[in-house]
Structures are given as structure tokens and as C-alpha cells.
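Mapping the sequence shown onto this note's numbering, position 58 (from 1) lands on 198, and the numbers just tick up by one.
Notes to accompany the following structure.
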Amino acid sequence: YKTFIEMLDVLPAFERDVFLLSYLYGFTQNDIASYFKVSQPTVCYRLSKGWERLSFRNNLGTFSDRDVMRDLEEHLSTQDAEVILWLLKTSSQSVVAQKFGYSQGLVRHRVMRDMKVLRKAGEHYYADAIEYVNRHLNMGREVRRPR
Numbered sequence: 141y142k143t144f145i146e147m148l149d150v151l152p153a154f155e156r157d158v159f160l161l162s163y164l165y166g167f168t169q170n171d172i173a174s175y176f177k178v179s180q181p182t183v184c185y186r187l188s189k190g191w192e193r194l195s196f197r198n199n200l201g202t203f204s205d206r207d208v209m210r211d212l213e214e215h216l217s218t219q220d221a222e223v224i225l226w227l228l229k230t231s232s233q234s235v236v237a238q239k240f241g242y243s244q245g246l247v248r249h250r251v252m253r254d255m256k257v258l259r260k261a262g263e264h265y266y267a268d269a270i271e272y273v274n275r276h277l278n279m280g281r282e283v284r285r286p287r
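Here it is in C-alpha cells:
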């Protein structure tokens with residue numbers, strides 16, 4: 141079993157920071173909002189989104205990177221397989237975009253295209269997981285706005 145802190149590694153940096161301040165250090169949402177100069181509803185939303193990401197990742201079960209890459213590379217390029225692997229690990233297009241130096245739009249485009257390829261190839265487990273991320277974690281709308 142992973143510790144709470146280890147589980148937070150799958151969250152985008154801001155959500156991880158909000159979680160740590162809220163649940164580990166006991167800061168109120170208003171305190172966190174003031175510290176980051178964002179609204180309290182933003183903090184509330186990020187806590188909610190973080191729980192969704194953690195729940196998704198927990199429900200996905202354990203998998204080895206090697207096994208996922210082997211499965212995906214039967215149908216996708218290595219680069220696309222890595223993008224899907226990281227999406228499954230983090231459920232965050234912004235984290236994936238940052239890791240690979242892509243725009244979030246490019247990540248969305250590749251993931252949606254690859255989901256269709258995987259579904260057509262009969263890899264429904266991965267296609268369903270990608271679809272879940274898109275539908276429940278609002279991947280299609282998760283765009284980080286400049287401050």
C-alpha cells in the first residue's frame with residue numbers, strides 16, 4: 141500500500157500542493173486561496189478534482205509500465221504509447237503536456253486519435269480508461285490559463 145504522500149505524486153503540482161496544505165497541514169480552503177492568490181472555489185474545485193484523479197488511479201489497479209508499453213506498442217508508436225502511459229499514471233493532460241513538451245491541445249488530439257485506434261484493435265481496457273479520463277476528469281476542458 142502506498143502512503144498518502146506517495147499517492148499524491150500522480151496529481152498536478154498545484155493540486156498536490158493544495159492537498160498537502162489542506163489534509164496534511166490542516167490549512168483551511170480560505171487560507172490556501174489567500175496563499176496562492178486564487179479564489180476559495182478554485183481551491184475547492186482542485187481538491188475535488190484531486191480526489192477524482194486519486195480515485196481513478198486507485199480504481200485502475202496496479203500495472204507495470206513495461207506491460208502497458210508492451211501492450212500499447214503493438215498498436216501505437218512508442219511516443220504515443222508513452223503519452224497514454226503517462227495519462228493513465230497521472231490522469232492529467234497538463235502534466236503529460238509538460239513532461240513531453242507538447243501543448244495540451246496536441247496531447248488531447250493524440251489521445252483521442254489513439255483511443256480510436258486502440259478500440260478498433262480490441263484493446264478496450266485502455267480505450268475505456270482513456271474515455272473515462274476524458275469523460276469524468278474533463279480532459280477536453282482542462283486548460284491551464286496564464287496568471
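Cβ coordinates follow ideal geometry from the N, Cα and C atoms, glycine included.
Fair warning: this is a prediction, and the values are worked out from it, not measured in the lab.
Cut-off 7 Å between Cβ atoms - residues of its own chain near residue i, not counting five sequence neighbours on either side
i	result
Ser-237	Strictly speaking, residue 237 in this sequence is Ala, with Ser absent from that position. Contacts found: Ser-243, Gln-244, Val-247.
Thr-230	Val-150, Val-236
Limits of the unbroken alpha helix (DSSP H) element including residue i
i	result
Thr-143	Unbroken run through Thr-143: none, as it is neither H nor E.
Thr-168	It is not in any alpha helix (DSSP H) - Thr-168 carries neither H nor E in the DSSP assignment.
Leu-160	First-last for Leu-160: undefined, no H or E at that position.
Leu-216	Premise fails: Leu-216 is in no alpha helix (DSSP H) and is neither H nor E.
Gly-241	Here Gly-241 belongs to no alpha helix (DSSP H), and DSSP marks it neither H nor E.
Three-state secondary structure assigned by DSSP to residue i
i	result
Leu-151	coil
Thr-202	coil
Tyr-272	helix
Ala-221	helix
Alpha-carbon to alpha-carbon, residue j and residue i
i	j	result
Leu-228	Lys-189	15 Å
Lys-172	Val-273	Checking the sequence shown, residue 172 turns out to be Ile, not Lys. Roughly 27 Å between the two C-alpha positions.
Exercise. Evaluate the contact criterion for the stretch 250 to 266 versus the stretch 178 to 188: three or more CB pairs, one atom per stretch, below 8 Å.
Key: Per the Cβ contact rule, the stretch 250 to 266 is not in contact with the stretch 178 to 188 (fewer than 3 Cβ pairs under 8 Å).
Quiz item: Counting Cβ pairs, one atom from each stretch, are 3 or more of them under 8 Å apart for the stretch 199 to 207 and the stretch 149 to 163?
Solution: In short, these stretches do not touch, since the Cβ pair count stays below three.
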